[in-house]
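The structure appears below as structure tokens.
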Amino acid sequence: MTWKSTGRTLLTAAALAMGALFAPAAPIVAQADIFPLTQPVMLDPADPDREEIGELIYRGGLVIEPGEAEIGGISGLEWHDGRLYAVIDDGRWLTMEPDEFEGRLIDLTAITIAPLLDERGRKLRGKEDSDAEAITRMADGSWLIAFEQNHRIWRYSADLASAAQAYPADLSGIVSAGPDNNGIETLVMTGDTLILCGEFVGEDRPNCRGIEGGQNRDIAVAAPIGAYNPVPTDAACASDGACYILLRDYTPGVGNHAAILAVRRAEEPRVIATFDPSITIDNFEGLALREQYGKTYLYIVSDNNFSSSQRTLLLKFEIKAAVAPVRPVEAVAPEPVVDYDTVDVRLETTLGDITMRIETERAPITAANFLRYVDEGRFDGTVFYRAMRLNREPQPNGLIQGGTQFDPKRILPGIPHEPTTETGLSHTHGALSMAMGDPGTANGDFSIMLQDQTGLDANPASSEPVWQNGYAVFGYVIDGMDVVYAIHSQPADPDKGEGVMRGQILAQPVEIVTARRAPAD
66 MTWKSTGRTL
76 LTAAALAMGA
86 LFAPAAPIVA
96 QADIFPLTQP
106 VMLDPADPDR
116 EEIGELIYRG
126 GLVIEPGEAE
136 IGGISGLEWH
146 DGRLYAVIDD
156 GRWLTMEPDE
166 FEGRLIDLTA
176 ITIAPLLDER
186 GRKLRGKEDS
196 DAEAITRMAD
206 GSWLIAFEQN
216 HRIWRYSADL
226 ASAAQAYPAD
236 LSGIVSAGPD
246 NNGIETLVMT
256 GDTLILCGEF
266 VGEDRPNCRG
276 IEGGQNRDIA
286 VAAPIGAYNP
296 VPTDAACASD
306 GACYILLRDY
316 TPGVGNHAAI
326 LAVRRAEEPR
336 VIATFDPSIT
346 IDNFEGLALR
356 EQYGKTYLYI
366 VSDNNFSSSQ
376 RTLLLKFEIK
386 AAVAPVRPVE
396 AVAPEPVVDY
406 DTVDVRLETT
416 LGDITMRIET
426 ERAPITAANF
436 LRYVDEGRFD
446 GTVFYRAMRL
456 NREPQPNGLI
466 QGGTQFDPKR
476 ILPGIPHEPT
486 TETGLSHTHG
496 ALSMAMGDPG
506 TANGDFSIML
516 QDQTGLDANP
526 ASSEPVWQNG
536 YAVFGYVIDG
546 MDVVYAIHSQ
556 PADPDKGEGV
566 MRGQILAQPV
576 EIVTARRAPA
586 D
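When the letters of the sequence shown are read in order and numbered with this note's numbering, they come out as residues 66 to 586.
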């Protein structure tokens with residue numbers, strides 16, 4: 066394996082590893098959903114129990130059947146807003162919505178496909194103009210797509226429905242002088258740097274280039290697999306600065322080989338996984354990265370070249386050592402910061418301690434009720450039993466819920482409702498909120514927000530009574546949000562829970578050992 070910097074300006078491994086910045090995008094243009102036929106695949110057909118390859122843990126995979134929509138030819142891959150985005154080398158783009166359970170890919174909910182447009186807003190026609198091979202998302206939400214044959218990079222709007230705009234990029238030396246299909250295979254935006262790679266081995270000359278502020282920085286990427294020398298086909302970067310490069314090789318009579326190269330700041334690049342014909346593999350061309358619930362996942366997609374002898378595979382892996390970043394564990398007090406009367410409470414759980422600041426002045430009724438449960442030991446031995454998970458950034462997102470669960474020996478009578486319009490509190494990161502049905506029924510169950518959930522605040526203008534009243538905030542976590550995240554990441558039982566709570570009930574609830582007022586500083 067080698068990583069060589071060359072040329073006028075050097076692009077170091079650290080520069081490649083800068084974190085990507087993403088801005089919200091407009092919704093994709095409505096397209097008819099396609100419900101594809103899929104079949105699950107094992108990582109190793111000869112060993113059904115095998116779940117690891119190198120530094121990756123297998124989290125499920127699918128073979129996607131072409132169907133009437135002619136699904137295939139997929140090149141490049143990007144994760145954004147709950148979908149996988151890709152391009153097809155016949156001039157189309159598509160999205161895939163994965164159906165997952167406990168982090169494992171089990172199916173695709175839907176696929177959308179739409180045509181890419183040229184600079185005049187017309188559909189692309191002919192192989193020379195429509196051979197799309199790579200896609201990446203810019204910080205402003207727009208997309209860059211690279212094409213082979215007629216080598217170029219075009220820029221599209223956030224919904225990918227606009228006419229193309231030429232994107233100025235120096236492709237000299239990166240586009241191979243060989244066959245027309247040896248063009249730009251890899252695009253990834255990392256901070257202010259666009260990385261693009263050509264489809265050739267970077268041993269003798271740079272096969273990748275970084276473009277930042279109009280300046281070119283050339284690099285060479287190589288990761289030999291025995292006698293095979295794969296070429297870069299896609300890349301993805303995490304928010305912690307780590308980048309991952311997918312390389313692949315096809316040798317007639319032997320088959321496919323592939324590798325994933327990890328590049329981290331101030332570290333030597335290394336191969337974290339290699340694939341050979343003895344396991345599930347095909348013509349790997351797309352790599353996407355997803356950060357969720359404190360974990361980092363990679364999706365790999367293959368290009369079947371619209372051939373009956375090849376497959377469209379979508380595989381998911383978890384990176385063993387990678388931990389997706391979460392927001393700071395300290396809850397931010399609502400603005401403006403005022404010195405209100407509060408009482409601190411510490412929950413001792415089997416996963417660690419959580420310290421809460423109870424708003425006795427701003428939410429006196431709700432706070433007094435919670436403190437009574439604490440002082441009378443009614444929370445001791447109860448559990449956190451629910452984890453609601455929201456598929457939106459930042460991750461992890463949602464809430465956890467715990468308490469007395471209507472145990473007649475523990476619960477006290479319901480209390481009057483204190484809406485956020487009266488208390489001035491809000492369902493922000495780390496907020497404590499009372500669970501209830503109708504106003505006046507809250508007793509001994511409460512929730513903790515992992516991120517801002519201000520939609521749970523009272524909204525008098527709403528036409529729905531439940532949202533007019535909202536839920537009652539009565540404090541904030543001030544220490545131990547890492548424990549909250551750990552509880553939230555526990556496995557759920559798919560068969561437990563009713564209605565909206567189905568699939569949100571933890572298979573093994575986390576015990577609240579004790580709940581006590583914390584000593585004053």
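C-beta: ideal position from N, C-alpha, C; glycine also.
This structure is a prediction, so every number in the text was calculated from the model and none was measured.
For L515, the secondary structure class from DSSP, reduced to helix, strand or coil, is coil. Note: P481 is not bridge-paired with any residue in the DSSP secondary-structure output. When rounded, the separation of the alpha-carbon atoms in A452 and Y358 is 11 angstroms.
Between the segment 122-142 and the segment 369-385, the count of Cβ pairs shorter than 8 angstroms is three or higher; the stretches touch.
Counting only the Cα atoms, T485 lies some 17 angstroms from T407. V366 is positioned such that its CB atom lies no closer than 9 angstroms to that of L170. Under the three-state reduction of DSSP, T431 is assigned to helix. For A551, the enclosing alpha helix (DSSP H) stretches over residues M546 to H553. Within the segment 282-367, the runs of beta strand (DSSP E) at least 3 residues long that lie entirely inside it are, in chain order, 296-302, 308-316, 320-328, 335-340, 349-357 and 360-367.
Taking a contact to require three or more Cβ pairs closer than 8 angstroms, the segment 520-532 and the segment 471-480 do not qualify as touching. Checking the DSSP bridge columns, you'll see P180 partnered with R157.
Beta bridge pairing from DSSP links M499 with F511. For Q470, no beta strand (DSSP E) encloses it, and the DSSP letter there is neither H nor E.
If you draw a straight line from the Cα of A229 to the Cα of N215, it comes to about 14 angstroms.
Comparing alpha carbon positions, the residue from S227, Y232 and D510 closest to A211 is Y232. In the structure shown, E193 falls within a helical segment according to DSSP collapsed to helix, strand and coil. Per the C-alpha coordinates, the member of A179, A111 and P105 positioned closest to I99 is A179. Beta-bridge partners of R274 (DSSP): L261 and D283.
For Q104, the uninterrupted beta strand (DSSP E) segment begins and ends at T103 to P105. When the Cα atoms are used, V152 and D547 turn out to be separated by approximately 38 angstroms. Cβ contact annotation for S222 (same chain, cutoff 7 angstroms, sequence separation greater than five): S207, in chain order.
Taking the Cα of R217 as reference, the smallest distance to any Cα among D347, A234, Q104 and T201 is reached at A234. Here the alpha carbon of E135 sits roughly 40 angstroms from the alpha carbon of H553.
Under DSSP, P163 forms a beta bridge with L173.
As summarised for the segment 192-256, the continuous beta strand (DSSP E) elements at least 3 residues long and confined to that stretch are 197-202, 208-212, 217-221 and 249-255, given in chain order.
Looking at the DSSP output, S140 sits in a beta bridge with V152. Scanning G467, M514, T425 and D404 for the CA closest to the CA of R443 turns up G467. Taking all protein chains in view, the Cβ of L515 is crowded by 16 or more other Cβ atoms within 10 Å, so the residue is classified as buried. Distance from the Cα of A583 is smallest, within the candidate group E332, D544 and Y405, for D544. Residue pairing of M421 in beta bridges, as defined by DSSP: V410 and V542. Just measuring C-alpha positions, the residue of T447, Q460 and G463 sitting nearest T469 is T447.
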